[in-house]
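According to the UniProt record's numbering, the sequence shown is numbered sequentially starting from 1.
Quick reminder that beta carbons are idealized off the backbone N, C-alpha and C, glycines included.
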Amino acid sequence: MSADMAAQTESGEGGDDGGADGGLRDRLVYLAVLSRPRFWLYLAGPVVVGVAAAASAPADLFGLEPVALFAYFLVPANVFLYGVNDVFDADVDEANPKKDDREARWRGDPVNTAVVAASGLLGVGLFAVVPRVAWPWLAAHFFLAVEYSAPPFRFKTTPLLDSVSNGLYVLPGVAAYAAVSGSNPPMLAVAGAWLWTMGMHTFSAIPDIEPDREAGIRTTATALGERRTYWYCAATWGLAAVAFAAVDLRLGALLAAYPVVVLGIATSGVDVDRAYWWYPVINTVVGMLITLGALWRLVNG
Numbered sequence: 001m002s003a004d005m006a007a008q009t010e011s012g013e014g015g016d017d018g019g020a021d022g023g024l025r026d027r028l029v030y031l032a033v034l035s036r037p038r039f040w041l042y043l044a045g046p047v048v049v050g051v052a053a054a055a056s057a058p059a060d061l062f063g064l065e066p067v068a069l070f071a072y073f074l075v076p077a078n079v080f081l082y083g084v085n086d087v088f089d090a091d092v093d094e095a096n097p098k099k100d101d102r103e104a105r106w107r108g109d110p111v112n113t114a115v116v117a118a119s120g121l122l123g124v125g126l127f128a129v130v131p132r133v134a135w136p137w138l139a140a141h142f143f144l145a146v147e148y149s150a151p152p153f154r155f156k157t158t159p160l161l162d163s164v165s166n167g168l169y170v171l172p173g174v175a176a177y178a179a180v181s182g183s184n185p186p187m188l189a190v191a192g193a194w195l196w197t198m199g200m201h202t203f204s205a206i207p208d209i210e211p212d213r214e215a216g217i218r219t220t221a222t223a224l225g226e227r228r229t230y231w232y233c234a235a236t237w238g239l240a241a242v243a244f245a246a247v248d249l250r251l252g253a254l255l256a257a258y259p260v261v262v263l264g265i266a267t268s269g270v271d272v273d274r275a276y277w278w279y280p281v282i283n284t285v286v287g288m289l290i291t292l293g294a295l296w297r298l299v300n301g
């Protein structure tokens, strides 16, 4: 989704002379920008990885549970997650320049609010689809998706808790694994994935350090500052690699790329605003390789 399209949602442009069709198009563009399309696979990707890792036969890949989970976490879950974020950040986002460059400021009319709420309620339907072993993981995801941004906890404004709570991104994959296999995944894999999200979240907060400080928001990144945040990310990603290596050495070797890359960024002077946009590509490639490895095991026994 381009910055120009995001700008259109702010100015009310993008429609056909303000007609009904133009108004609908404008709203759909706005909601798409709000859902952060570049990050859709951050929720849906773990579902693919979890399903591939849990499947014991090719038919398991296309059952009701994996299809329903992927469909929900690809778009509706992102509308809900980022909608809740934007609702409760509407005031502080006034000083955040990325809302003009690549995101959209919250437009709190009743229809947008209803769409965000409906996206969350749609997720409740997943509990009727997946087995009970997956319920705790789904419940934890929805709790963190709301309380990351919303009172009373608003984890995103407390250093370290903002980082830890971002395990919400891997929980769809854990739920998918449990739904397909009927059992929980190895806890070391869950721990490794959780640590990965901690590093990913905190790295992505580096471009927001100054706007967040100006708005009075305290995060792990604002508390550490840019230089020490790089080291925090390297540490969490390094621990993630160790945890995954205990499950499979090949996974550990793959995840070791993350601390290497972030230390390269820190020592080379690459602009973090530029490096920030490398990670959707890096994450997609790493997730694809893990998935292909799981599918290879599935096909070749």
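In the DSSP annotation of this structure, the continuous segment of the alpha helix (DSSP H) that includes phenylalanine 142 starts and ends at 135–147. If you draw a straight line from the Cα of alanine 205 to the Cα of isoleucine 217, it is about 12 Å long. The criterion of a C-beta distance shorter than 8 Å is satisfied by leucine 34 and valine 79. Cβ neighbours of leucine 126 within its own chain (closer than 7 Å, five residues either side excluded): Ala68, Leu69, Tyr72, Leu138. Leaving aside the five residues that flank valine 262 on each side, the residues in its chain whose CB is nearer than 7 Å to its CB run, in chain order, Phe203, Tyr230, Cys233, Ala234, Trp237. DSSP places tyrosine 230 in the uninterrupted alpha helix (DSSP H) bounded by 220–247. Annotation note: the region 151–226 contains the following uninterrupted alpha helix (DSSP H) runs of length 4 or greater, listed N- to C-terminal: 161–164, 171–181, 187–204, 209–214.
Between the region 103–123 and the region 156–172 there are fewer than three inter-stretch CB-CB distances shorter than 8 Å, so the stretches are not counted as touching.
In this structure, alanine 54 keeps its C-beta atom at 8 Å or more from the C-beta atom of tyrosine 169. In summary, proline 152 is exposed, with fewer than 16 beta-carbon neighbours lying within 10 Å of its beta-carbon over all protein chains present. When secondary structure is reduced to three states using DSSP, serine 119 falls in the helix class. DSSP, read as helix, strand or coil, puts serine 268 in helix. Taking the CA atoms as reference points, methionine 187 sits about 11 Å from alanine 246.
It is roughly 7 Å from the alpha-carbon of alanine 175 to the alpha-carbon of tryptophan 135. Inter-residue distance for arginine 227 and aspartate 208 is about 14 Å (C-alpha atoms, whole angstroms). The DSSP-derived three-state label of aspartate 89 is coil. Separation of alanine 241 and leucine 122 (C-alpha to C-alpha, rounded to the nearest whole angstrom) is 34 Å. In this structure, leucine 43 places its C-beta atom within 8 Å of the C-beta atom of alanine 77. Per DSSP, alanine 54 is one residue of the alpha helix (DSSP H) stretching across 40–54. If you compare the alpha carbons of Ser183, Gly269, Val116 with that of alanine 32, the shortest gap goes to Val116. When the five nearest sequence neighbours on each side are left out, the beta carbons in the same chain lying within less than 8 Å of the beta carbon of leucine 195 are those of Thr236, Trp237, Leu239, Ala240, Ala243, in order along the chain.
At a Cβ-Cβ threshold of 8 Å, alanine 52 and leucine 295 count as neighbours.
Of the candidates Arg154, Thr197, Ala215, Phe142, the residue whose Cα lies closest to the Cα of proline 46 is Thr197.
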